[in-house]
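Trainee:
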């Protein structure tokens with residue numbers, strides 16, 4: 426694997442120095458002092474908790490298409506998952522679960538454009554989606570109009586919400602894995618979404634799932 430440019434951020438200089446020291450022991454990483462002007466950069470943000478300031482800064486960072494964001498957080502409430510997904514954070518790690526191998530996968534995954542949550546948090550997000558779906562089914566409301574998603578996009582996102590990967594989605598819908606990836610790519614590009622987790626958050630907030 427080629428080395429990934431990594432810029433660290435932390436709430437205080439001592440924490441940042443510790444994060445830098447940890448990352449120097451991770452292969453495939455080159456620490457940089459500032460955002461490079463001519464190449465992609467993965468920002469690794471260390472935080473105690475998710476705050477409005479952190480989420481605002483994350484949204485501002487990812488406006489630059491060369492920036493990917495990995496968040497290492499001490500604690501995270503279930504009700505913050507949607508906001509994290511919508512902020513553009515590519516990979517999220519819980520601090521007590523961080524190992525060099527996991528951090529390396531997150532850094533390189535973010536660099537390559539993928540996104541992920543820890544399995545436990547992903548399950549919480551999917552459970553939350555399920556509860557919203559159940560509430561939508563039970564609620565008495567007028568039919569939705571002007572949905573911004575096509576039926577095939579909704580079908581794909583529903584399977585993403587069930588935890589299916591692209592190969593499983595293709596098999597269940599009767600299409601190729603490439604077709605599924607193209608649908609997700611067109612969806613995220615058209616609506617200016619950052620990744621499939623952000624797409625789930627978008628669809629859930631609008632009652633489309």
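Numbering (the numbering used here), first residue to last: 426 to 634.
Cβ coordinates follow ideal geometry from the N, Cα and C atoms, glycine included.
1. Once the 5 residues before and after residue 516 are set aside, which same chain residues still bring their CB inside 7 Å of it?
2. DSSP state of residue 492, grouped into three classes?
3. Assuming residue 436 and residue 472 form a contact by the criterion Cβ under 8 Å, report the distance between their Cβ atoms to the nearest whole angstrom.
4. Between which two residues does the beta strand (DSSP E) carrying residue 429 extend?
5. Helix or strand or just coil, what does DSSP make of residue 472?
6. Please return the same chain residues whose Cβ sits closer than 7 Å to the Cβ of residue 514, not counting the five positions on each side in sequence.
7. Tell whether a beta-carbon distance below 7 Å holds between residue 463 and residue 456.
8. Shorter than 7 Å from the beta carbon of residue 597 to some beta carbon of chain D?
9. Identify, in the order they occur along the chain, each residue of the same chain with its Cβ nearer than 8 Å to the Cβ of residue 449, setting aside the five sequence neighbours on each side.
10. Return helix, strand or coil for residue 622, following the three-state DSSP convention.
11. Specify, as a first and last residue, the run of the beta strand (DSSP E) that residue 584 falls within.
12. Beta carbon of residue 582, beta carbon of residue 628: below 7 Å?
13. Measure the CB-CB distance between residue 576 and residue 612 and report whether it falls below 7 Å.
14. When DSSP labels each residue in this structure, what does residue 523 get in the three-state scheme?
15. From the DSSP output, which residues share a beta bridge with residue 487?
16. Among 490, 434, 512, 605, which residue has its Cα nearest to the Cα of residue 622?
Mentor: This is what the structure gives:
1. Residue numbering aside, residue 516 sits at position 91 when the chain shown is read from its first letter. Closer than 7 Å at Cβ, skipping near neighbours: 495, 531, 534, 535, 540, 541.
2. Along the chain shown, read from residue 1 onward, the residue named residue 492 stands at position 67. Note: residue 492 maps to strand in three-state DSSP.
3. For the purposes of this step, residue 436 is taken as the residue at position 11 of the chain shown. For the purposes of this step, residue 472 is taken as the residue at position 47 of the chain shown. At roughly 6 Å, the Cβ-Cβ gap stays under 8 Å, so residue 436 and residue 472 are in contact.
4. Against the chain shown, residue 429 aligns to sequence position 4. Looking at the DSSP string, the run of the beta strand (DSSP E) that includes residue 429 is 429-434.
5. Here residue 472 refers to the residue found at position 47 of the chain shown. Residue 472: strand per DSSP, three-state reduction.
6. For this step, residue 514 is matched to residue 89 along the chain shown. If we look at residue 514 and ignore the five residues flanking it on each side, its Cβ neighbours are 483, 494, 496.
7. In the chain shown, counting from the first residue as 1, residue 463 sits at position 38. In the chain shown, counting from the first residue as 1, residue 456 sits at position 31. Contact flag unset, no.
8. Among the chains in the structure shown there is no chain D, since it carries only a single protein chain.
9. Against the chain shown, residue 449 aligns to sequence position 24. Here the set comprises 456.
10. Here the question's residue 622 lines up with position 197 in the chain shown. Helix, per DSSP.
11. On the chain shown, position 159 is the one that residue 584 refers to. Run containing residue 584: none in the beta strand (DSSP E); it sits in the alpha helix (DSSP H), 576-586.
12. Sequence index remark: in the chain shown, residue 582 carries index 157 (1-based). Sequence index remark: in the chain shown, residue 628 carries index 203 (1-based). Yes, Cβ-Cβ distance for residue 582 and residue 628 is below 7 Å.
13. Counted from its first residue, the chain shown places residue 576 at position 151. Counted from its first residue, the chain shown places residue 612 at position 187. No, they are not a contact pair.
14. For the purposes of this step, residue 523 is taken as residue 98 along the chain shown, with counting starting at 1. Correct three-state label for residue 523: coil.
15. For this step, residue 487 is matched to residue 62 along the chain shown. Looking at the DSSP assignment, residue 487 forms no beta bridge with any residue, so it has no partner.
16. Locating residue 622 in the chain shown gives position 197, counting from the first residue. For residue 622, the nearest C-alpha among the options comes from 512.
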